[in-house]
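A quick write-up on the structure given underneath.
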Amino acid sequence: MLRCDANPLGWGLRSPLRPLLRRFVKWIEDGISEDPFLNPELMKNNPWVEKGKCTIL
């Protein structure tokens, strides 16, 4: 019978998931004000953003 070892690092070397997720969510929330895709005020200064709307001929 084959045995699949899903935890090759062992429990001692792995970081707990909940604290990592909390830090990841905090990092995302802290960066919202600097992200041009989430902050429309920053998109106004971007020269590569299209200024007009698409029109159908």
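Read in full-length UniProt numbering, the sequence shown has 6 at position 6, and its numbers run on one by one without any break. Glycine is no exception: its CB is placed at the ideal position from the N, C-alpha and C atoms.
Measuring straight from C-alpha to C-alpha, what distance separates residue i and residue j?
i: Leu42; j: Trp48; result: 12 angstroms
i: Met36; j: Lys44; result: The question names Met, but residue 36 is Pro in the sequence shown. Looking at the two C-alpha atoms, the distance is approximately 9 angstroms.
i: Leu17; j: Gly52; result: 44 angstroms
i: Glu34; j: Ile56; result: 34 angstroms
In the DSSP assignment, find the alpha helix (DSSP H) that holds residue i and state where it starts and stops.
i: Leu20; result: 17-31
i: Pro36; result: Counting along the chain, Pro36 falls outside any alpha helix (DSSP H), and DSSP gives it neither H nor E.
Please go through the same chain and pick out, in chain order, the residues whose beta-carbon is closer than 8 angstroms to the beta-carbon of residue i, but skip the five residues on each side of it.
i: Ile32; result: Leu38, Asn39
Report all residues from its chain with a CB closer than 7 angstroms to the CB of residue i; omit the five preceding and five following residues, and keep chain order.
i: Asp30; result: none
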